[in-house]
Amino acid sequence: MASEAPLPSREEMRSQWARLDRDGRRRVRRAANRGREVESGDPREALVAAALAANQRRFWRWGWAIGPVVVALATIPQGLEAVLVNVLFVTLVVILLAVFFARRSARAEAANRQLAARRSKKKRNRRKGKGG
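Using numbering that gives the first Met the number 0, you'd call the opening residue of the sequence shown number 0 and step up by one each time.
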């Protein structure tokens, strides 16, 4: 397994995101949302995509609980049985979605961190005169 580049801090990520043009932001979002590495192969974009994917993974770790709470509050007037049935169904569906999206985010994060590490390692080797 290749080494992984460290994620940028929140401030660094915000500044790198602000420096990206519209197409760069689109490539970063697409890579993070699809669980793949950035198409451009740019290590700076890869680190931003990895940080974005890490944020998405962090959200899905606990974000699944929002759906059942909203459904429970919306179905209170329908009675206890309706609330329980709806909450159980929504919980099952949202947990499955959360697992899917969290795994995809983890894949995107790992792929982009490895891409950034590979590219920066090649750049260091070129500086030392070891070739590409």
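For glycine and all other residues, C-beta sits at the position ideal for the given N, C-alpha and C.
This structure is a prediction, so every number in the text was calculated from the model and none was measured.
Report buried or exposed for residue i, applying the criterion of at least 16 other Cβ atoms within 10 angstroms of its Cβ.
| i | result |
| --- | --- |
| arginine 59 | A small correction: the amino acid at residue 59 is tryptophan; arginine does not occupy that position in the sequence shown. Looking at its Cβ environment, which holds 16 or more other Cβ atoms inside 10 Å, tryptophan 59 is buried. |
| valine 142 | Because the chain here runs from 0 to 131, residue 142 falls outside it and cannot be looked at. |
| valine 69 | exposed |
Does the beta-carbon distance from residue i to residue j come in below 7 Å?
| i | j | result |
| --- | --- | --- |
| alanine 49 | arginine 112 | yes |
| arginine 26 | serine 8 | no |
| valine 89 | glycine 66 | yes |
Alpha carbon to alpha carbon, how far is residue j from residue i? Give it in angstroms, no decimals.
| i | j | result |
| --- | --- | --- |
| isoleucine 75 | alanine 4 | 48 Å |
| alanine 64 | arginine 18 | 34 Å |
| glutamate 80 | leucine 87 | 11 Å |
| alanine 97 | alanine 52 | 14 Å |
| valine 37 | asparagine 85 | 39 Å |
| aspartate 20 | alanine 110 | 22 Å |
The stretch 31-50 contacting the stretch 91-105, beta-carbon criterion three pairs below 8 Å: Touching, yes.
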